[in-house]
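Undergrad:
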Amino acid sequence: MAKLAELRTSRGMTQHQVARLLGTSQSRVSVIESTPIDRLLIGTIQRYLRAVGADMSVYVLIGDQTFPVHVGDEQDGWPDAARHRAAEVQA
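So the working numbering is basically just the index in the sequence shown, starting at one, shifted up by 8.
1) On the three-pair Cβ rule with 8 angstroms, is the region 54-70 touching the region 24-34?
2) May I ask which residues mark the beginning and end of the alpha helix (DSSP H) holding V77?
3) So what does L57 bridge to, in DSSP terms?
4) Starting from L69, follow the beta strand (DSSP E) in both directions and report where the run begins and ends.
5) Quick check: the Cα distance between R36 and T22, rounded to an integer number of angstroms?
6) Under the assumption that V77 contacts M64 (Cβ atoms under 8 angstroms), give the Cβ distance between them as a whole number of angstroms.
Structural data, given as structure tokens:
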């Protein structure tokens, strides 16, 4: 069983319950759970984890130093802000 599915079942949740929380279908949850985690988008993983009551942290390793990374999503406006900054730089 894939790690995300293991987490979901350990929390006593069904795919239908997770789908309802994500606003998607049970079949989409099945696809997410069967996809290798390194092939999923960070935002997909983050939303899934929130739905099952978990959280995530992302870090960048440069040499022997580790730096935390903010993982934004549509709710906090981060992608829009990043797009605006990118547009300003290109202008």
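By construction, the Cβ of each residue, glycine as well, lies at the ideal position given by its N, Cα and C atoms.
TA: With the structure as the only source:
1) yes
2) Position 69 of the sequence shown, counting from 1, holds the residue named residue 77. Run containing V77: none in the alpha helix (DSSP H); it sits in the beta strand (DSSP E), Q73 to V77.
3) Mapped onto the sequence shown, residue 57 falls at position 49. BP columns for L57 are empty, so no partner.
4) Along the sequence shown, read from residue 1 onward, the residue named residue 69 stands at position 61. Boundaries of the beta strand (DSSP E) around L69: V66 to I70.
5) What you label residue 36 is simply residue 28 of the sequence shown in a count that begins at 1. What you label residue 22 is simply residue 14 of the sequence shown in a count that begins at 1. Looking at the two C-alpha atoms, the distance is approximately 13 angstroms.
6) Residue mapping note: residue 77 aligns to position 69 of the sequence shown, counting from 1. Residue mapping note: residue 64 aligns to position 56 of the sequence shown, counting from 1. Contact doesn't hold; Cβ gap of about 11 angstroms is too wide.
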